[in-house]
Structure formats: C-alpha cells, structure tokens
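Engineer:
In our numbering, the protein residues as written are -2 to 329.
Written out as structure tokens, the structure is:
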C-alpha cells in the first residue's frame, strides 16, 4: 500500500489523548523551560512491548509535570492539532483528564479553557475540526469524578462535546465509576469509555449499559460471541488503537488482532493512534500497518474514516462536511 496515498487521504481520529500525543519537539521545549534534565522526555515514549497497561500508562508521569499551566496546556493542544493536520487528519477528537492538570492550583474551568484556546488557534490556522472529550480517571475517587462531570456539564463549553473514562482498567473496573458516569449521561453528555482493553469483555457490556455510544479499544469482545452480537446490534463503534493494543498486551500479535474479524462481522470500528508520542505513531502509520496486515483496500480505508465520522460526537453539519471531503478524495 502506498504511504503517500494514505497520508493524503482525509482522515478522522476519535481516540487521541492530549498528554500522550504532544510532539517531542514541543515536549522538549516545555521540559527545557521547566529546567528538567535534557533526557527527561525520553521517558515519554513507551517500549514496543510493555509489561501491561499500567506499565504503558507510567510514561505519562514524565509529561504531566509540564502540563500544569494555562500557557503550556494551550501550547500543547495547539501542537497536537497541528501535527494531526500535517498528516491530513480533518477531524480530531482530543481527550484529556482535567483533574490531572490541577497540581499547581488551576481549576477545571481554567484547564478546559486553556486547551480550548490551543484548539481554536489551530482551527483558525488549519482546515481541521477539533473537539474535546473530558476524561475521568479510574484511580480518582468516585466523588472527584462525579464533581468533574457535574462541573463540565455546567461549563457548557461548545468545544467539549463528550466525556470518557480512562486509566487502569485492570485494577479499577467500570463499577468504580458508575455514579460519575451516570451523572454525566444524565446531563446529556455523550459518553465513550475505555473498556475491554485488559481482557474484560464484561466491562464493554457494562459501559454500554451505562450509556456509552462508543467504546475505547474494546478488543476483548473478540473472545465472546455474545458480546460481539450485542455491540453489533446496538451499533456501538469500537475505537481501535492497533499499535497501542499490541504494546499493552491487549492483543498478543497481529495474527490475533480482530480488525478484519470485526469488519467482516459488521461491527463499526475506527482506527486511531491512542497516544501519538507514547506509541511513536501517526494515523498514517496506523492505517499503513493495518493495510499491510489485513489487506485493506483504498475503498475500505475511506469507508473506515467515514464510519468514524458517522459515529463522531459532532454536529450533523460537520459530519456531512467531513464525509464529503472523504468521498471527494481520489475523484478530483
């Protein structure tokens, strides 16, 4: 498959973490300004094979110290959006946990508005739509997560279009966040949840029961036909992150990766980076790997991006505009 064609293809990314996707050049600038050691940000890239998801998540410990000011959050959000634009991502949902950026006294409002400022700057300069998902973290108390979703819903920031739950799924199952998620869903916020990343197809089913419209990862359902049937019946999109899934051990190898199986079964899926810098990848890389591993055709890659856009937490107007770009590509 031709890398140049994939690079030029208008692409849609639904699963991209802000703190795990800041370009290395920007990270080094922020580290230098904070007087951190020169090699500090080398810790921000995960090994090709991690011990488990918790090991993979430890890479964020290097990044979070420089994401505690409004200026740095704005710079980081802008840099992630710009990097996505540079590989022809035309719609990006950027997610992050506001509570992770309050070590030095920032409020949830200040954190979200700082990220929005960076996103707005990027959209003013580049032809890309960027929206935001606010994440609760599983290891935080249910009280803190509930307060977070209450505050996010009251802020009514136009750019924030949904909520997510992320973090150590193995040690903190979905039951740990049920009250917080109910609060968010009851406030009419659209929900996606990281689930089925550490072998638990049960977490996928509970996420759907909580009201999730999409599932982050979800690969564990490949082991349970009943779960696959439910996901298909309810038209729940799985946000697949191939390189990340192999790194964390969610899937043992490409032969076991369920992309083609899900597609053939009729489950809607999208291809994503998860964390561009932590996983040392781009959306172009992910599509190229999948094209080579699963013999994806050009039409299938266009269709995967259209499916992603159909399940995006965006307005119908934005959805149609992006889908038109994808349809038009290659027909000029």
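Heads up, the beta-carbon is just placed ideally off N, CA and C, and yes, glycines get one too. Only a predicted model underlies this, so the values are computations on that prediction, with no experimental measurement involved.
By how many angstroms is the C-alpha of residue 55 removed from the C-alpha of residue 220?
Structural biologist: Translated into positions along the chain shown, residue 220 becomes position 223. Translated into positions along the chain shown, residue 55 becomes position 58. Approximately 28 Å, taken between the alpha carbons.
Engineer: Just tell me which of 216, 310, 297, 133 has its CA closest to the CA of residue 6.
Structural biologist: The sequence position of residue 6 within the chain shown is 9, counting from 1. Ranking the options by Cα distance to residue 6, first place goes to 297.
Engineer: Is residue 88 helix, strand or coil by DSSP?
Structural biologist: As a working mapping, residue 88 is identified with position 91 in the chain shown. DSSP places residue 88 in strand when its eight states are reduced to three.
Engineer: Can you grab the Cα-Cα spacing for the pair residue 309 / residue 0, in whole Å?
Structural biologist: Here residue 309 refers to the residue found at position 312 of the chain shown. Here residue 0 refers to the residue found at position 3 of the chain shown. Using only the alpha carbons, I get a separation of about 25 Å.
Engineer: Indicate whether at least one CB of chain D lies closer than 8 Å to the CB of residue 286.
Structural biologist: Looking at the structure shown, chain D is missing, and only one protein chain is on hand.
Engineer: Alpha carbon to alpha carbon, how far is residue 149 from residue 314? Give it in angstroms, no decimals.
Structural biologist: Counted from its first residue, the chain shown places residue 314 at position 317. Counted from its first residue, the chain shown places residue 149 at position 152. Approximately 24 Å between the Cα atoms of the pair.
Engineer: Near residue 204, which residues of its chain fall below 7 Å by C-beta distance, leaving aside the five closest residues on each side in sequence?
Structural biologist: Here residue 204 is taken as the residue at index 207 of the chain shown, counted from 1. For residue 204, where only same-chain residues beyond five positions count, the Cβ hits under 7 Å are 171, 190, 192, 212.
Engineer: Would you identify the three-state DSSP class for residue 241, choosing helix, strand or coil?
Structural biologist: Within the chain shown, numbered from 1, the residue matching residue 241 stands at position 244. Helix.
Engineer: Measure the CB-CB distance between residue 286 and residue 303 and report whether it falls below 8 Å.
Structural biologist: Residue numbering aside, residue 286 sits at position 289 when the chain shown is read from its first letter. Residue numbering aside, residue 303 sits at position 306 when the chain shown is read from its first letter. Cβ atoms of residue 286 and residue 303: not closer than 8 Å.
Engineer: Please list the terminal residues of the continuous beta strand (DSSP E) segment that includes residue 64.
Structural biologist: Reading the chain shown from its first residue, position 67 is the one you call residue 64. Note, residue 64: premise wrong, no beta strand (DSSP E); not H, not E.
Engineer: For residue 158, which of helix, strand or coil comes out of DSSP?
Structural biologist: The residue labelled residue 158 in the question sits at position 161 within the chain shown. Residue state, collapsed to three classes: strand.
Engineer: Would you give the residue range spanned by the beta strand (DSSP E) that residue 105 belongs to?
Structural biologist: Residue mapping note: residue 105 aligns to position 108 of the chain shown, counting from 1. Where residue 105 is concerned, there is no enclosing beta strand (DSSP E), although the alpha helix (DSSP H) it sits in stretches over 105 to 122.
Engineer: On a Cα-Cα basis, can you pick out the residue from 10, 22, 62, 21 that is closest to residue 33?
Structural biologist: As a first step, residue 33 is located in the chain shown; it is residue number 36 there, counting from the start. Comparing Cα positions, the closest option is 62.
Engineer: Less than 8 Å separating the beta-carbons of residue 164 and residue 187?
Structural biologist: Counting from one through the chain shown, the residue named residue 164 turns up at place 167. Counting from one through the chain shown, the residue named residue 187 turns up at place 190. No, these two residues do not count as a Cβ contact at 8 Å.
Engineer: Roughly how many angstroms separate the alpha carbons of residue 146 and residue 183, rounded to a whole number?
Structural biologist: Here residue 146 refers to the residue found at position 149 of the chain shown. Here residue 183 refers to the residue found at position 186 of the chain shown. In a straight line, the C-alpha of residue 146 is about 10 Å away from that of residue 183.
Engineer: Could you check the C-alpha separation between residue 98 and residue 104 for me, to the nearest Å?
Structural biologist: Residue mapping note: residue 98 aligns to position 101 of the chain shown, counting from 1. Residue mapping note: residue 104 aligns to position 107 of the chain shown, counting from 1. If you take the alpha carbons of residue 98 and residue 104, they lie about 9 Å apart.
Engineer: In whole angstroms, give me the CA-to-CA distance for residue 93 and residue 156.
Structural biologist: Residue mapping note: residue 93 aligns to position 96 of the chain shown, counting from 1. Residue mapping note: residue 156 aligns to position 159 of the chain shown, counting from 1. Taking the straight line joining both Cα atoms gives about 13 Å.
Engineer: Do the region 264 to 275 and the region 227 to 242 touch if we need at least three Cβ pairs shorter than 8 Å?
Structural biologist: Yes, since at least three Cβ pairs between the region 264 to 275 and the region 227 to 242 fall closer than 8 Å, the two stretches touch.
Engineer: Just list the residues that DSSP pairs residue 335 with in beta bridges.
Structural biologist: Because residue 335 is not part of the residues shown, which for the chain are -2 to 329, the question remains open.
Engineer: Could you tell me the distance, in whole angstroms, from the CA atom of residue 11 to the CA atom of residue 31?
Structural biologist: Position 14 of the chain shown, counting from 1, holds the residue named residue 11. Position 34 of the chain shown, counting from 1, holds the residue named residue 31. Going by the C-alpha atoms only, they are around 31 Å apart.
Engineer: Does the pairing of the region 71 to 83 with the region 114 to 124 give three or more beta-carbon distances under 8 Å?
Structural biologist: In short, these stretches touch, since the Cβ pair count reaches three.
Engineer: Quick one: what does DSSP say residue 175 is sitting in, helix, strand or coil?
Structural biologist: Mapped onto the chain shown, residue 175 falls at position 178. Here residue 175 sits in helix by DSSP.
Engineer: Identify the residues that DSSP records as bridge partners of residue 134: which are they?
Structural biologist: If you number the chain shown from 1, residue 134 lands on position 137. In DSSP, residue 134 forms a bridge with 163.
Engineer: Please report the straight-line C-alpha distance between residue 161 and residue 325, rounded to a whole angstrom.
Structural biologist: Locating residue 161 in the chain shown gives position 164, where the first residue counts as 1. Locating residue 325 in the chain shown gives position 328, where the first residue counts as 1. The alpha-carbon atoms of residue 161 and residue 325 are separated by roughly 32 Å.
Engineer: Would you call residue 136 buried or exposed, if buried means 16 or more other Cβ atoms sit within 10 Å of its Cβ?
Structural biologist: What you label residue 136 is simply residue 139 of the chain shown in a count that begins at 1. Under this definition residue 136 is an exposed residue.
Engineer: Would the beta-carbon of residue 50 fall within 8 Å of that of residue 245?
Structural biologist: One-based indexing of the chain shown puts residue 50 at position 53. One-based indexing of the chain shown puts residue 245 at position 248. Yes. Within cutoff.
Engineer: Would you decide whether residue 141 is buried or exposed? Buried here means 16 or more other CB atoms lie within 10 Å of its CB.
Structural biologist: For the purposes of this step, residue 141 is taken as the residue at position 144 of the chain shown. That one is exposed.
Engineer: When DSSP labels each residue in this structure, what does residue 101 get in the three-state scheme?
Structural biologist: In the chain shown, counting from the first residue as 1, residue 101 sits at position 104. The answer is coil: DSSP assigns residue 101 none of H, G, I, E or B.
Engineer: Can you tell me which of 195, 48, 269, 208 puts its alpha carbon nearest to the alpha carbon of residue 179?
Structural biologist: The residue given as residue 179 occupies position 182 in the chain shown. Per the Cα distances, 208.
Engineer: The beta strand (DSSP E) that contains residue 33, what's its start and end?
Structural biologist: Position 36 of the chain shown, counting from 1, holds the residue named residue 33. No beta strand (DSSP E) holds residue 33; DSSP gives it neither H nor E.
Engineer: Could you give the residue range of the alpha helix (DSSP H) that holds residue 140?
Structural biologist: Here residue 140 refers to the residue found at position 143 of the chain shown. Looking at the DSSP string, the run of the alpha helix (DSSP H) that includes residue 140 is 139 to 152.
Engineer: Nearest by alpha-carbon distance to residue 240: which of 227, 210, 282 is it?
Structural biologist: The count along the chain shown starts at 1 and reaches residue 240 at position 243. When only C-alpha atoms are compared, the closest one is 282.
Engineer: For residue 190, which three-state DSSP category applies?
Structural biologist: Here residue 190 refers to the residue found at position 193 when the chain shown is read from its first residue. Of the three classes helix, strand and coil, the one that applies to residue 190 here is strand, per DSSP.
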